[in-house]
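The next block holds one structure in the form of structure tokens; read it before the comments.
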Amino acid sequence: MRIQSLALAVTMFAASLAVDGANAKTLSVPSGKTVKIGSYAILMDNTCAYGKISKVTTSQPKNGTLKTANERVEATSVGPCRGVKIPGIAVYYTSKPGFHGRDCGKVVFFHPILESDAQNFGHPFPVCVNVK
Numbered sequence: 092m093r094i095q096s097l098a099l100a101v102t103m104f105a106a107s108l109a110v111d112g113a114n115a116k117t118l119s120v121p122s123g124k125t126v127k128i129g130s131y132a133i134l135m136d137n138t139c140a141y142g143k144i145s146k147v148t149t150s151q152p153k154n155g156t157l158k159t160a161n162e163r164v165e166a167t168s169v170g171p172c173r174g175v176k177i178p179g180i181a182v183y184y185t186s187k188p189g190f191h192g193r194d195c196g197k198v199v200f201f202h203p204i205l206e207s208d209a210q211n212f213g214h215p216f217p218v219c220v221n222v223k
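Numbering (this note's numbering), first residue to last: 92 to 223.
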């Protein structure tokens, strides 16, 4: 069985994504406009094979919406797979018209750890943006 481990795998949210945490970056977005804030895909760095994302859930921000879309996303990993386009999930944020300030929500991506797993592992990403 091939392991799809997050230690081996991952093109997660692009560098511009605003993820809450120790190394949080806040992405500035315009009020009332839909902006792609990042993407998520599972990638085996040594083979460029990709994994399946089985489900995505969102906890909506107070002053806007998070939407996801199946898209081909560019691998941001280091090595031979950098720049390869693979199936993944893009995340978009839209604020309520006229809202300005910080807004936060969460996106959780579910996928099996092993290809044969019936259960899925949820990988949560708290997301915050600064709406200008």
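Built from N, CA and C at the ideal position, the CB exists for glycine as well.
| Asked | Found |
| --- | --- |
| Between the Cα of His202 and the Cα atoms of Ala166, Lys127, Ser119, Gly142, which residue gives the shortest distance? | Gly142 |
| For Lys176, collect the residues of the same chain with a Cβ closer than 8 Å to its Cβ; drop the 5 residues on either side in sequence, then sort them by chain order. | Arg163, Val164, Glu165, Ala166 |
| Can Ala181 and Ser130 be called in contact, C-beta distance under 7 Å? | yes |
| Count the other C-beta atoms from every protein chain shown that fall within 10 angstroms of the C-beta of Ala115, then say buried if there are 16 or more, exposed otherwise. | Summary for Ala115: the model assigns pLDDT 46, below 50, so the residue's position carries little reliability; its value from the coordinates is reported in the next sentence. Exposed is the call here. |
| Let's test the definition: count the other Cβ atoms within 10 Å of the Cβ of Pro152 and tell me whether it reaches 16, buried, or not, exposed. | buried |
| Helix, strand or coil for Gly170? Go by DSSP, reduced to three states. | coil |
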